[in-house]
Structure formats: C-alpha cells, structure tokens
Amino acid sequence: MWSARVSTLKVIAQIAFRNLFVSRLKTFIVGGIILFGAFLVVVGTSFLDSIVDGMSRSITGSVAGHIQVYSSKSKDPLEVIGGFSFDGGDIAQMDDFSKLREVLLKVPHVKTVVPMGISGALVTSGNTIDVALSNLRDLARKKVAGTATPADLGAYESEKGHVRQILTVLQTDIKNIAQLHDEKSISTDDAAAVVKAASPAFWDAFDRDPLGQLEFLENRIAPQATDADMLFLRYVGTDPGVFSRSFDRMKIVDGATIPRGKRGFLFAKYTYEDQIKLKTARRLDKIKAARDDRGERIAKDAELQRFVKENSNQVREILLQLDAPKTADFRVKLQKLLGSQVPEVGKLLTEFFKMDDGNFDARYQFFYAELAPALQLYRIRIGDNLTIKAFTRSGYVQSVNLPVYGTFTFTGLEKSPQAGSLNLMDMVSFRELYGFLTPEREKEIRELKSQMNAKEISRENAEAELFGQKSPEAAASPPPPPTPSRTVVADATPGLRVPESDGVGARFVREDLSHRVYDPSQLESGVILNAAVILDDPGRVRETITAIEAAGRQAGLPLKAISWKEASGLIGQFVSMMKAVLYVAVLIIFVVALVIINNALVMATLERVREIGTLRAIGAQRRFILSMLVIEAVVIGIIFGALGAGLGAVVVAIVGKVGIPAPSDLASFFFSGPRLFPVLASGNMVVALVIVLLVSALSGFYPAWLAMRVTPIQAMQSDE
Amino acid sequence: MKIIVSVKNATKTYALGKVSVPALRGVSLEVEEGEFLSIAGPSGSGKTTLLNLIGCVDTPTSGSVEVAGKDTLRLSERDLTRLRLDTIGFIFQSFNLVSVLSVYQNVELPLLLQVGIPTAERRRRVMALLERVGLADHAKHRPSELSGGQRQRVAIARALVARPQLVLADEPTANLDSVTGQNILDLMRELNRTEKTTFIFSTHDARVMSNATSVIRLADGKFVDRLSAAEAVRAGVTRPASSVGIS
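Those protein sequence lines, which keep their order, are chains A and B. This note's numbering puts the first residue of the first sequence at 1, with every later residue one more than the last. This note's numbering puts the first residue of the second sequence at 721, with every later residue one more than the last.
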C-alpha cells in the first residue's frame with residue numbers, strides 16, 4: 001500500500017513537472033514573482049536583523065545595558081538615549097542604590113548593575129577675552145606680589161600683547177560698523193573706552209597699576225568682545241569606574257577617565273568636536289568628511305557651500321585669539337600662500353577660507369599644519385574647569401565646577417549625534433546638580449545653619465514664622481524657644497561659605513569644589529535615578545524584566561524595568577517601525593503575488609479542463625487532481641522560492657563583505673558604524689521559504705479546487 | 721451470455737437555467753458480454769447521454785443503469801470513479817491524450833491509477849498493447865508528434881491496458897478520414913474478438929455501423945429499435961427518420 005502511494009505520487013509529480021515545463025511562460029511568471037518575494041524577504045529581514053543586532057550591541061554596550069531599571073513612580077518614561085527631552089524627563093528618584101543593587105544582583109542572569117542619572121544643563125564655553133584677562137590677572141598678581149618667575153613674566157608680556165591685539169580687532173570692528181551704518185549705532189561711551197584702552201598711554205600705566213587697569217578692561221571692554229556660546233550639555237551621572245568596566249563599547253579618546261573618588265567630567269567626543277571645537281575648524285572637518293567619505297563636492301552641495309561662506313565670513317573668532325607675534329606669523333604665511341600683498345590678516349583669512357574643490361585638500365592641510373598650532377582649537381581644553389549650571393528639581397539654579405578629564409566615544413557610534421550628545425560626570429556631582437542631598441551637603445547645610453543660628457521651619461508655617469502670625473496648627477503646638485535667630489528657608493548652594501566674622505552682607509567665598517574629593521562609597525549607595533542592568537545572556541531580556549519587577553515588589557521597591565529598546569526611546573521605536581514597514585511591504589507583495597499567481601493558475605486550469613476531465617474519466621480520483629495541482633504550485637514555490645532565497649543569500653553575503661556605507665551620520669547610528677555589514681541568519685531563509693510555500697500553496701488551492709470539480713463529461717465535449 | 725450493461729427505463733433531464741431539457745426519455749436496453757454494439761441516431765437523439773450513463777460519468781434522473789452488476793445510482797462518486805478505472809475503457813472523439821506525457825506514459829496511466837502493479841508488469845502490458853496497435857516504435861513520442869489515426873490508436877491502447885470488461889467510444893472516427901476511420905474500427909473489432917472485450921460506440925456513419933454486431937437506434941431521447949448491422953444499413957439509418965434536435 002505504501003509503495004502504491006509512492007508510485008501514485010510519482011505519477012502526480014511527473015505530470016505536474018511536465019506541465020510546468022510545457023507551460024514555461026506561466027511557470028516563469030509565477031516563479032519570477034515568488035523568486036522576487038523570497039529574495040526580498042531574505043534580503044530585507046537580513047538587513048533589518050543586522051541593523052537591530054548592531055544597534056542592540058551598540059546601545060546595550062554603550063549606555064543602556066540590556067535592561068534599564070527605574071522607579072515605577074516616575075511620571076515620564078525613561079529615555080536613556082535618543083530622547084527628545086533635554087533632561088531625562090520626570091523620573092522619580094530611588095533613594096538607596098546599594099539596596100537596589102543587592103536586590104537586582106539576586107535576580108538570575110543579572111551580571112552587573114550600573115547606577116545612573118540623566119539630566120542636562122547649560123554651560124558657557126567662555127569668552128576669549130575673559131580667559132585672556134583672567135590669565136593676565138593671575139600673572140599680574142604674581143608680579144605685584146613679587147613671586148613671578150621669568151617664565152611668568154614672559155607670559156605676562158605675551159598675554160598683554162594678546163589683549164592689545166583684541167583691542168585692535170575691536171577698533172577695526174567699530175570702524176567697519178561706522179562705515180556700514182549710522183555713526184550713532186555705536187555707543188560713544190563704548191567707542192571711547194576702546195580708544196582709551198588701545199592708547200599707548202593706557203598700557204604705559206598698566207605696568208604701574210595692572211589690577212586697576214584690568215578692572216577697566218573687564219568692565220568696559222570685555223562686554224564688547226563676547227564670543228561665547230551657551231551650550232546645552234546632556235550628561236549621565238554614574239560611577240565612572242563601573243561604567244567604563246561594564247560598557248565594553250566605551251573608549252577614552254583624549255585624556256583619561258575620571259579617577260576614583262574624584263569629581264570630574266568627560267566630554268562625548270562628538271559633542272567635544274561639534275560644540276567645543278573652533279567653529280571654523282569644525283566646518284573644515286565636516287567638508288573634508290563629506291568629500292572623502294561621501295564623495296560630495298563643494299561645487300555641487302549647497303551645505304558645503306554654506307560652510308565655506310561661513311568660514312570666510314566669520315574670521316573674527318580666529319582674530320580674537322591672535323596676539324601680535326601670531327598675527328605677524330599668520331600674515332607672512334598667508335601672504336606667501338595666497339601670493340597676496342594685503343596687510344590685514346582678517347582679509348587674508350577671508351581669502352584663505354574661500355575654498356573650492358581644487359584647493360580644499362591643500363588648504364585643509366595648511367590650516368592644520370601652519371595655522372592651527374597657534375590657535376586654541378577647543379574652547380574647553382582637557383584639564384580645564386567646566387562650570388555647569390543646572391536647574392534642580394525644586395527649581396533653583398545649582399552650579400558645580402568640574403575638571404574635564406578627557407573625551408570618550410562609544411565604538412561603532414562615533415559619528416552618531418544621538419549617542420554622541422551624552423556626556424559623563426561622576427554621580428556625586430550629578431546628585432548635587434539634580435538637587436539631591438548628599439551626606440556631604442547635609443553636613444555643610446548643618447554647619448551653615450549653626451553658624452547663622454538658623455532654625456528649621458516647615459514650608460506651610462513659613463509665613464507665620466517669618467512674620468509672626470501663627471497658623472492654627474502652629475498655635476496648637478508648643479511655642480518655639482525664643483532664641484534670636486536668622487531664618488534660612490532656601491537650601492544653600494554648596495561651596496558658598498559665609499566667613500565667620502562677617503554678617504549677612506559679607507562677600508561669599510567660593511571654595512574650589514572641583515578639587516574636593518568624596519568618599520567612593522557614596523557611589524555605591526545613595527540616590528540614583530535609574531540603573532543599567534547587564535545580563536550574562538542577552539537572550540533573556542524579557543524573562544529577566546519580569547523577574548526584576550517581581551523581585552522589586554518582594555523587596556518593597558517600586559521598580560519598573562524596561563528593555564534597552566524601550567529605553568532608547570524613538571530609536572527603539574524606529575526599529576519596530578522599520579520592521580512593521582518591511583512586514584507590511586512583504587505582506588502587500590505577497591498579497592499581490594497571491595492574486596497574480598492564483599489568476600495565472602486559474603487560467604491554466606481552465607485551459608486544462610479537457611485533460612483533467614479525461615483523467616477523471618479514465619479513473620483518476622478527485623484527490624489525485626487536487627494533489628496534482630497543489631503539487632504544481634508548491635513545486636514552483638519550492639524551486640523559485642529556493643532560487644530567490646539563494647540569490648538573496650548571495651547578495652547578503654556579498655554586501656556583508658563589502659558593507660553598505662552609511663549615507664549620513666544618523667544612518668551611521670543605525671548601522672552602528674560607518675558601514676553596515678548585513679549577516680545572513682538561517683532563520684531568515686527559513687522564514688522566506690515558509691512564507692513562499694504558504695503563499696504558493698494558498699494560491700494553488702483555489703484553482704486546484706476548481707479542477708477537482710471538473711467532471712469527466714467535460715472531457716467528452718468536443719472542441720467545436 | 722452474461723449481461724454486462726442493463727439500462728432500465730432511464731431518463732435524464734438537464735436543467736438549462738429554469739428550463740428542463742429532457743435528453744433521455746426512458747430508454748431500456750441490455751448489452752451482453754462480447755458485443756460490438758453501435759448506438760445510432762441523429763445529433764440530439766441522446767446517444768452521448770446514454771453513453772455517459774453507461775460510462776458511469778453521469779447518473780440517470782430516473783430509472784436505473786447497472787454496469788457489471790452494479791447500480792450506478794447507489795454508488796458514491798469515489799466508487800463510480802473506481803468502477804470506471806477497473807471496468808470501463810474510454811475512447812474519445814478527439815482522442816484526449818495527455819499532451820505532456822509520452823505515448824508510453826499515456827497508455828501506462830490507467831495502470832498507475834490502479835496502483836500496485838509492478839513496473840515490469842506495467843511495461844509488459846503497455847508494450848504488448850502498443851505492439852497490437854502498431855505503435856511500439858513510437859512509445860517515446862509525444863501525442864503532438866503523431867497523426868490523428870495514430871493518436872486514436874494510442875487512445876485505444878490506453879482504453880484497453882487495464883483490461884476493462886467494457887470499452888465505450890463516442891464517435892471514435894468522427895475526427896478521422898474514412899480510410900483511417902475504417903482502420904480504427906477494424907482494430908477495435910479485432911480486439912473485441914481476441915480480447916472478448918465488449919465495445920459500445922456511438923456513430924451516425926453507416927459504414928461504421930456495418931461493423932457492429934447490432935445497432936441501437938435512438939431518436940428524441942427515445943429507444944427506436946434494435947437492428948442487426950445489415951438491417952440497419954438496409955433501413956438507411958444514415959438518413960435520420962426524424963430529427964428534433966436539442967443541441
């Protein structure tokens with residue numbers, strides 16, 4: 001019986017195969033559609049899977065971890081990376097990281113827990129003239145005190161020259177404005193101040209009373225020479241040591257990581273380049289990248305033309321940095337390069353930056369080799385102090401001074417603005433900027449209060465306490481001790497100390513907080529906003545999320561755990577969206593394929609009514625006819641589906657070797673690097689074949705059913 | 721002699737839209753084993769309908785048709801198909817070979833459908849029949865490479881390969897020239913004699929009828945008479961007595 005079945009199947013297959021061969025056109029049309037569909041499924045899913053894989057490795061390996069844990073009392077969802085909000089959104093604090101970590105580490109598959117907090121703040125990049133004047137002041141103090149070394153004296157003269165050069169630039173500015181506009185648009189006081197400061201008499205007096213003259217410069221000149229930017233920096237507060245150990249993608253580019261127990265700031269390399277670097281140099285870098293990496297040309301690209309124009313129009317930023325010797329140096333070099341006799345360096349620079357595709361490479365090299373060494377390329381240098389001002393959660397402004405230890409990047413995400421906008425600071429400074437009470441600050445406030453004889457009052461009773469009218473509740477409570485006291489309502493800014501002898505109006509002395517160390521154990525305990533959880537098995541995200549939330553409930557912690565995809569906000573959603581788009585596209589293609597294939601097979605069946613009727617007449621059962629046609633459809637499906645999937649695999653393999661270049665910085669984020677190397681997963685092939693078989697079987701079913709209903713009588717009817 | 725086909729008062733009415741068209745209005749006849757029977761009549765007389773009922777590809781509206789002792793009205797679709805496969809061979813007016821199969825494969829088809837016949841046995845029987853119809857050296861040809869007469873001989877081989885008790889042929893010579901048609905009839909007659917296979921064929925060609933052992937005449941879906949071949953030719957069946965066509 002079994003061999004009988006096999007031989008029947010053989011006949012069916014034989015007839016089916018021969019039919020396919022005879023009606024080649026139909027076979028190739030139907031097969032072509034199936035081939036294309038299978039090809040698309042394999043290539044599309046491989047491409048997407050590779051993106052998802054790459055992004056998953058980039059995001060989990062850089063900052064998100066596999067799972068992010070935060071308080072379920074938060075009003076906003078947590079977005080670690082790729083979010084639109086400046087700060088991290090309204091995330092409720094979790095008071096004790098050590099307890100959280102203890103709970104999390106007990107959950108199976110949890111390998112590491114990294115404390116975090118994400119927020120943002122405004123930073124001023126610093127005026128060139130402010131920096132110059134501040135340096136000059138330090139040097140002048142030493143000179144006055146008689147502690148200056150010969151090197152200090154040299155620096156003092158050089159810095160003086162620089163300030164005088166800035167004054168020359170300002171004078172030129174005023175002259176230009178006077179020519180272009182009405183004379184009245186310049187404040188006469190300002191103009192007079194510049195004339196006075198630029199006069200030789202002013203500088204003759206300078207050496208005699210440097211501090212007095214500096215005050216004039218600071219008050220009257222500095223406001224006229226502003227070139228600072230307000231930067232918005234997004235940062236993650238964390239335990240720097242644990243962070244760099246846990247996230248394998250993190251790599252220090254310049255400088256070093258923040259030492260244990262020290263306060264400090266690390267710039268994301270992308271932010272450092274994009275925001276801190278001299279704008280002219282940054283634009284040159286961008287033009288070079290566009291030309292070299294993407295093959296664009298200045299002549300053809302409007303954006304590059306804009307960069308060139310901005311560079312040649314905005315030379316003031318460079319001029320302000322030049323002292324007399326540097327100006328002379330630039331004049332000689334530029335005159336030689338440009339073959340020009342123009343004496344003004346400003347005009348020479350304007351000419352120099354008018355670059356085109358022909359001279360760009362040479363001038364780019366010239367800029368970095370000849371001009372850049374004399375310039376301060378970055379407004380904030382590694383080792384500088386950065387003053388960060390942030391609004392705390394309660395709304396007052398908090399500021400912290402942090403030394404910049406270096407820059408870092410996440411491997412594969414070097415060019416991504418999304419990943420590159422997240423800077424890093426120690427958790428202790430973060431807590432302060434966020435407005436948490438650190439033990440350090442609590443102690444400080446206690447001291448302040450005792451110094452000032454302050455007493456604590458509640459917000460509700462503040463009015464009554466301050467103005468003597470008692471609220472009903474206050475009346476019921478025992479009266480406060482009648483000590484003479486000053487009342488402190490707001491929290492104080494740390495680092496502001498009131499000198500003991502002075503009263504309220506005394507000058508506050510700002511302590512250099514940046515050099516204060518903290519107890520490293522503060523990183524392991526204390527307040528955090530969220531924590532990244534890294535698993536030993538990346539495939540167990542879903543079950544671990546459930547386990548973490550359960551563990552949280554058991555421990556009485558209101559925990560919410562989300563996958564890296566959710567924590568990466570829009571980016572995570574983008575992946576799901578792309579997947580949905582691909583699936584919809586595949587669905588549409590296969591629905592269309594289904595209709596076309598079905599139509600072709602119905603036509604073919606109608607042409608074969610006579611043959612089918614004959615087969616039925618000579619004794620073929622309906623089942624036989626049905627199997628015959630379904631097998632025909634499935635055979636087309638298998639052969640062309642396999643061909644399409646194979647072709648797709650070949651294409652993926654080739655592209656996987658060569659890589660797809662990222663067309664933009666945004667794309668390089670999704671590609672987790674400058675190129676995407678799609679990898680073929682066997683799952684993609686299986687999915688493609690299953691879909692193709694399903695579609696061909698489905699589309700073959702209706703014609704087969706039609707064929708099954710053909711009666712033997714139809715075979716008897718003559719052609720006429 | 722054994723009765724192989726027994727038709728009793730069979731009627732067949734086709735519904736054409738809302739109109740019922742009677743194709744057979746009560747026909748009775750018996751066919752004995754080994755007969756070479758011709759069914760004659762003008763077009764629309766019900767020849768094909770009667771052959772369809774006997775061939776188990778259709779069942780009567782009323783009355784009964786028994787083939788090889790089985791009442792076709794009582795059989796399921798499946799059993800009817802099985803009955804056709806095992807008992808009846810078909811020869812069609814337009815040959816109806818499976819165009820994608822070779823001559824050999826066309827003839828082999830019923831044996832394959834019967835399932836369980838060993839390859840060697842199938843081969844022996846197919847080649848023996850192709851030998852008989854004179855096409856052994858055309859075994860590997862496609863039907864499209866053959867002439868009309870050759871194709872009909874392949875069809876005859878296919879009809880006989882499963883050793884049916886009964887072979888039905890609807891106008892087997894209609895698409896052939898007279899010489900070829902005669903050759904086909906000679907072949908059928910010879911097989912009828914040597915294999916003892918019963919043949920029933922419809923025709924309106926007097927020369928074809930002259931080969932028959934007897935001729936059944938139909939008109940307007942009714943049995944007219946049953947004549948010997950000689951009587952039929954004398955009665956001039958070629959000129960239809962009456963013709964109320966329905967086609």
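Quick reminder that beta carbons are idealized off the backbone N, C-alpha and C, glycines included. Keep in mind it's a predicted model, so treat the numbers as computed, not measured.
From the options, residue whose alpha carbon lies closest to that of residue i
i                : options                                : result
Lys10 (chain A)  : B:Gln813, B:Arg798, B:Thr839           : B:Thr839
Val30 (chain A)  : A:Met708, A:Tyr702, A:Ile636           : A:Ile636
Lys860 (chain B) : B:Ser748, B:Lys767, B:Val820, B:Pro884 : B:Val820
Gly356 (chain A) : A:Thr409, A:Arg291, A:Gly346           : The amino acid occupying residue 356 (chain A) in the given sequence is Asp; Gly does not appear at that position. Checking every option, the nearest Cα to that of Asp356 (chain A) belongs to A:Arg291.
Arg862 (chain B) : B:Asn816, B:Leu757, B:Ser763           : B:Asn816
Gly700 (chain A) : A:Pro712, A:Glu444, A:Met628           : A:Met628
Thr45 (chain A)  : A:Ala704, A:Ser576, A:Thr614, A:Thr711 : A:Ser576
Ile713 (chain A) : A:Thr128, A:Ile612, A:Gly435, A:Leu433 : A:Ile612
Val533 (chain A) : A:Lys196, A:Gly61, A:Thr124, A:Gln224  : A:Gly61
Gly264 (chain A) : A:Trp705, A:Ser429, A:Ala561           : A:Ser429
Leu214 (chain A) : A:Asp130, A:Lys175, A:Leu100, A:Thr147 : A:Asp130
Leu587 (chain A) : A:Gly37, A:Gly339, A:Ala16             : A:Gly37
Leu529 (chain A) : A:Thr711, A:Asp49, A:Asp76, A:Gly346   : A:Asp76
Arg331 (chain A) : A:Gln314, A:Gln321, A:Leu349           : A:Leu349
Gln813 (chain B) : B:Leu744, B:Asp791, B:Leu855, B:Leu896 : B:Leu896
Leu744 (chain B) : B:Arg954, B:Ser898, B:Leu947, B:Lys942 : B:Lys942
Ser399 (chain A) : A:Tyr434, A:Gly406, A:Ala369           : A:Tyr434
Beta-bridge pairing of residue i - partner residues as DSSP gives them
i                : result
Phe243 (chain A) : Per DSSP, none; premise fails for Phe243 (chain A).
Val785 (chain B) : B:Val727
Glu750 (chain B) : B:Ser726
Gln68 (chain A)  : A:Ala532, A:Ile562
Asn19 (chain A)  : The partner list for Asn19 (chain A) (beta bridge, DSSP) is empty, contrary to what the question assumes.
Trp118 (chain A) : Going by the sequence as given, residue 118 (chain A) is Ile instead of Trp. Answer is A:Val236, bridged to Ile118 (chain A).
Asp173 (chain A) : In the DSSP output, where bridge partners are listed per residue, Asp173 (chain A) has none listed.
Val123 (chain A) : A:Leu231, A:Ile388
Tyr378 (chain A) : A:Lys277
Residue i versus residue j: straight-line alpha-carbon distance, rounded
i                : j                : result
Arg913 (chain B) : Phe640 (chain A) : 53 Å
Val504 (chain A) : Leu448 (chain A) : With a pLDDT of 42 at Val504 (chain A), under the threshold of 50, the modelled position of this residue cannot be trusted; read the value that follows with caution. Roughly 12 Å separates the two Cα atoms.
Ala256 (chain A) : Ile380 (chain A) : 15 Å
Ser74 (chain A)  : Phe366 (chain A) : 53 Å
Val650 (chain A) : Pro661 (chain A) : 19 Å
Tyr70 (chain A)  : Asp285 (chain A) : 39 Å
Leu795 (chain B) : Glu632 (chain A) : 31 Å
His162 (chain A) : Asp329 (chain A) : 14 Å
Phe677 (chain A) : Phe671 (chain A) : 8 Å
Met250 (chain A) : Gly65 (chain A)  : 12 Å
Leu167 (chain A) : Asp138 (chain A) : 20 Å
Leu803 (chain B) : Leu793 (chain B) : 13 Å
Pro373 (chain A) : Arg446 (chain A) : 50 Å
Tyr824 (chain B) : Arg845 (chain B) : 11 Å
Asp537 (chain A) : Pro108 (chain A) : 10 Å
Ala788 (chain B) : Ile15 (chain A)  : 31 Å
Exposure label - residue i; buried when at least 16 CB within 10 Å
i                : result
Ser782 (chain B) : exposed
Tyr396 (chain A) : exposed
Ala145 (chain A) : exposed
Lys300 (chain A) : exposed
Thr483 (chain A) : With a pLDDT of 43 at Thr483 (chain A), under the threshold of 50, the modelled position of this residue cannot be trusted, and the question is left open.
Leu20 (chain A)  : buried
Arg675 (chain A) : exposed
Glu310 (chain A) : exposed
Ser58 (chain A)  : buried
Leu771 (chain B) : buried
Lys443 (chain A) : exposed
Asn313 (chain A) : exposed
Next item on the list: Starting from the N-terminal side, write out each stretch of the alpha helix (DSSP H) that is 4 residues or longer and does not extend beyond the region 651–680 of chain A.
Entry: 665–670, all fully within the region 651–680 of chain A.
Check: Which runs of the alpha helix (DSSP H) fall wholly inside the region 306–344 of chain A and span at least 4 residues, in chain order?
Finding: At a cut-off of 4 residues, the continuous stretches assigned as alpha helix (DSSP H) that sit fully inside the region 306–344 of chain A are 316–319, 324–338.
Margin query: Quick check on the DSSP output: what are the complete beta strand (DSSP E) runs of length 3 or more inside the region 801–881 of chain B, in order along the chain?
Written below: The qualifying runs are 808–811.
Item checked: Whole beta strand (DSSP E) elements within the region 895–938 of chain B, 3-residue minimum -> If only complete runs of 3 or more residues are kept, the region 895–938 of chain B shows the beta strand (DSSP E) at 918–923, in order along the chain.
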